[in-house]
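With full-length UniProt numbering, the residue at position 107 of the sequence shown is 107, and numbering never jumps. Built from N, CA and C at the ideal position, the CB exists for glycine as well. It should be emphasised that the depicted structure is a prediction, and the values quoted were computed from it without experimental measurement.
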Amino acid sequence: MRTTSRRTAIRRGRDRKAEVILPVPGRDRCTGDAPRTAVIGGGIAGLAAATALAERGARVTLYERETSLGGRLSGWRTRLTDGSEATMSRGFHAFFRQYYNLRGLLRRTDPELSALCPLPDYPLRHSSGLTDSFARVPRTPPWSALGFAALSPTFGWRDLAAMDPRSALPLLDVRVPEVYERFDDVSAADFLADIRFPETARHLAFEVFSRSFFADPRELSAAEMLLMFHIYFLGSSEGLLFDVPREPFPSALWEPLGAYLDRLGVDVRTGVRVHGVRPVGGGVVEVESGAGSERCGAAVLALDVAGLRHVVEASPRLGSAAWRENIARLRNAPPFLVSRLWLDRPVREERAGFLGTSGYGGLDNVSVLDRFEGEAARWARRTGGSVVELHAYAVDGGAEPKEVQESLVARLHEVYPETANARIIDARHEWRADCPMFTVGSYGGRPSVRTPHPQVMVAGDTVRCDLPVALMERAATTGFLAANALLAGWGVRGQVLWTVPRAGRSPALRALAALAGHT
Numbered sequence: 001m002r003t004t005s006r007r008t009a010i011r012r013g014r015d016r017k018a019e020v021i022l023p024v025p026g027r028d029r030c031t032g033d034a035p036r037t038a039v040i041g042g043g044i045a046g047l048a049a050a051t052a053l054a055e056r057g058a059r060v061t062l063y064e065r066e067t068s069l070g071g072r073l074s075g076w077r078t079r080l081t082d083g084s085e086a087t088m089s090r091g092f093h094a095f096f097r098q099y100y101n102l103r104g105l106l107r108r109t110d111p112e113l114s115a116l117c118p119l120p121d122y123p124l125r126h127s128s129g130l131t132d133s134f135a136r137v138p139r140t141p142p143w144s145a146l147g148f149a150a151l152s153p154t155f156g157w158r159d160l161a162a163m164d165p166r167s168a169l170p171l172l173d174v175r176v177p178e179v180y181e182r183f184d185d186v187s188a189a190d191f192l193a194d195i196r197f198p199e200t201a202r203h204l205a206f207e208v209f210s211r212s213f214f215a216d217p218r219e220l221s222a223a224e225m226l227l228m229f230h231i232y233f234l235g236s237s238e239g240l241l242f243d244v245p246r247e248p249f250p251s252a253l254w255e256p257l258g259a260y261l262d263r264l265g266v267d268v269r270t271g272v273r274v275h276g277v278r279p280v281g282g283g284v285v286e287v288e289s290g291a292g293s294e295r296c297g298a299a300v301l302a303l304d305v306a307g308l309r310h311v312v313e314a315s316p317r318l319g320s321a322a323w324r325e326n327i328a329r330l331r332n333a334p335p336f337l338v339s340r341l342w343l344d345r346p347v348r349e350e351r352a353g354f355l356g357t358s359g360y361g362g363l364d365n366v367s368v369l370d371r372f373e374g375e376a377a378r379w380a381r382r383t384g385g386s387v388v389e390l391h392a393y394a395v396d397g398g399a400e401p402k403e404v405q406e407s408l409v410a411r412l413h414e415v416y417p418e419t420a421n422a423r424i425i426d427a428r429h430e431w432r433a434d435c436p437m438f439t440v441g442s443y444g445g446r447p448s449v450r451t452p453h454p455q456v457m458v459a460g461d462t463v464r465c466d467l468p469v470a471l472m473e474r475a476a477t478t479g480f481l482a483a484n485a486l487l488a489g490w491g492v493r494g495q496v497l498w499t500v501p502r503a504g505r506s507p508a509l510r511a512l513a514a515l516a517g518h519t
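Put into structure tokens, the structure is as follows:
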């Protein structure tokens, strides 16, 4: 993997300091008898790997245990009590402009990304009444931080002066993997306390980051939080605004990409669970699935934590003892809840499409889907109502589900009082606990893209990656990296990748951090 200047490739964002990662040089395509490769998992990571491999001429079989593609961003049809059909999903996801590789994947079928639309703001509200907004904050660092301090009611100049400058310097020059070497053994909550980050701003500006990992900041690695701060705030000039799909995930994103893979010759097998992956020697991998056994030249394990643990446990010849032990120790984040409500009346016109919340019990954010999603908007116009979605992250595993669901609705009434008298025409409550948990000290035990077998790769948002990427972008990036590693072994050139800068943007701030011994 090589890095070069932005002038050697077309930049896909506005950040002039975004870095391009060139693959190992090689042929344009596989020649002769193209290698057959199994990609196990049809989420973002698997779709990225299958796309990159098939575009270079590999013969790909994509296995997905569910009946549709998209993984944790899939969707399914449901019939409401009023007789209409709707597409349910696991909830709102933000497609930030820094997600260069994910957006590059989507451009395969939508070059202009017309299926995405921007939300004008990303407001964060505390129960005290204070609200932060990013709409008027400059997007380019360091003006982004200075602008936030100037405009924020929760973080002012006095708060900035009260912080411990020496302890806060790591925020100015985040590097991967050095940030993990220094801060993986510290919790996000302890780091914020050490730098004397103001309490109210901590809940709004930083817990939003930590809770996007579905984690309590007392358990989350500070390295992951620092990385998020770099990606979204001080390391990138793309800003904190984002895009969202104009229609539900399946029709907007995954059905077109599935059709694209079909045109490339990918054998897409949905509804098929893989039970084991066994290296059998001679560069051959045997994949055991519900459809039988198949021998391939390579495999990509693009699975969630539970799926990866299951396949590895069922494949005793896969990996070394230490590698297998690390896979077995991977943890899921605590449960989270997505409650979608179809109401008989609209919320007030000025309500944001997405609102982050803090101090409202377990309510972490509120989305008004009919502000941006076509299907929800058509239902709202037809009925005069609205479609509202509530999220609760890192829910106590011992909590009574019905009580949590009722509590979220009560908190919605506090945040948007006009909903208190609304009749709930229908509701769907989705409980999940399948996101990776990045606990304090866990980085070294997470799998990297490469495994002890040169023909077996791992991809997904749980995978260790020496690039500043997270969440959906980490899934897409590691999927492409897994494909690139296999292609390089066959002498074929892989996918060009992009990333936000891999160090602090400002030479002056980097020098300051270096003088203080923080590099």
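| Query | Result |
| --- | --- |
| So V415 is in the alpha helix (DSSP H); what residue range does that whole segment cover? | 401 to 415 |
| Are the Cβ atoms of A168 and F148 separated by less than 9 Å? | no |
| P170 to S221, Cα distance in whole Å? | 14 Å |
| Run the CB neighbour count on S289, radius 10 Å, all protein chains shown included, and call it buried at 16 or more, exposed below. | buried |
| Out of E389, S358, V404, G362, which has the shortest C-alpha to C-alpha gap to V368? | E389 |
| Kindly indicate which three-state DSSP category Y63 falls into: helix, strand or coil? | strand |
| I need the boundaries of the beta strand (DSSP E) containing E325, first residue and last residue. | Careful: E325 lies outside any beta strand (DSSP E), inside the alpha helix (DSSP H) at 321 to 329. |
| Can you name the start and end residues of the beta strand (DSSP E) that G258 belongs to? | Taken as a continuous stretch (DSSP letters only), G258 belongs to no beta strand (DSSP E), being part of the alpha helix (DSSP H) at 255 to 263. |
| Since I195 sits in a beta bridge, which residues does DSSP pair it with? | In DSSP, I195 forms no bridge with anything. |
| Here's the rule I'm using: 16 or more other beta-carbon atoms within 10 Å means buried, otherwise exposed. How should R77 be labelled? | exposed |
| Taking DSSP's pairing of strands, which residues face P436 in a bridge? | N332 |
| Note down the Cα distance separating A223 from R14, rounded to an integer number of angstroms. | 26 Å |
| Say the cut is 8 Å; is the CB of G265 nearer than that to a heavy atom of the ligand NAP? | Judged by which ligands are present, the structure shown has none, so any question about the ligand NAP falls away. |
| So which of C117, R103, W254, Q98 has the shortest CA-CA distance to P501? | Q98 |
| Can a CB atom of chain C be found closer than 9 Å to the CB of A328? | Note that chain C does not occur in the displayed structure, where there is just one protein chain. |
| Have a look at I195, Y360, L113, R278 and flag the residue whose alpha-carbon is nearest the alpha-carbon of F242. | L113 |
| Looking at the secondary structure, which residues open and close the alpha helix (DSSP H) in which P165 lies? | 165 to 168 |
| Which same chain residues, not among the five before or five after G385, have their C-beta less than 7 Å away from its C-beta? | W342, L343, D344, R345, P346, I425 |
| In whole angstroms, what separates the C-alpha of residue 549 from that of R273? | Nothing about residue 549 can be reported from this structure: the residues present for the chain run from 1 to 519 only. |
| When burial is assigned at 16 or more other CB atoms within 10 Å of the CB, is E19 buried or exposed? | buried |
| Taking the C-alpha atoms as reference points, what is the distance between A333 and Y100? | 26 Å |
| Give the straight-line distance between the Cα atoms of D216 and R505, rounded to the nearest whole angstrom. | 29 Å |
| Could you check what DSSP says for W143 in three-state terms: helix, strand or coil? | helix |
| Taking a contact to mean a Cβ-Cβ separation below 9 Å, would you say I44 touches V496 in this structure? | no |
| I need the DSSP call for V500, collapsed to helix, strand or coil. | coil |
| For S108, which residues of its own chain have a beta-carbon under 6 Å away from its beta-carbon, when the five flanking residues on both sides are left out? | A small fix is needed here, since residue 108 is Arg in this sequence, not Ser. Excluding residues within five positions, the ones whose Cβ falls inside 6 Å are Y260. |
| Going by alpha carbons, who is nearest to residue 535 out of V404, H391, N421, T451? | Lying before the first or after the last residue shown, residue 535 is absent from the chain, which here runs from 1 to 519. |
| What is the C-beta distance between L408 and A392, in whole angstroms, given that I count them as a contact (C-beta under 8 Å)? | 6 Å |
| Would you mind stating whether T477 and T499 have Cβ atoms separated by less than 9 Å? | yes |
| In or out: N421 buried (at least 16 other Cβ within 10 Å) or exposed? | exposed |
| Could you have a look at F233 and say whether DSSP puts it in helix, strand or coil? | helix |
| Do G265 and V60 come within 9 Å of each other at the CB atom, strictly closer than that value? | yes |
| Grab the span of the beta strand (DSSP E) containing V456 for me, first residue to last. | 456 to 458 |
| Shortest alpha-carbon distance to L257 belongs to which of A34, V24, G42? | G42 |
| Let me know the secondary structure DSSP gives N365 once reduced to three states. | strand |
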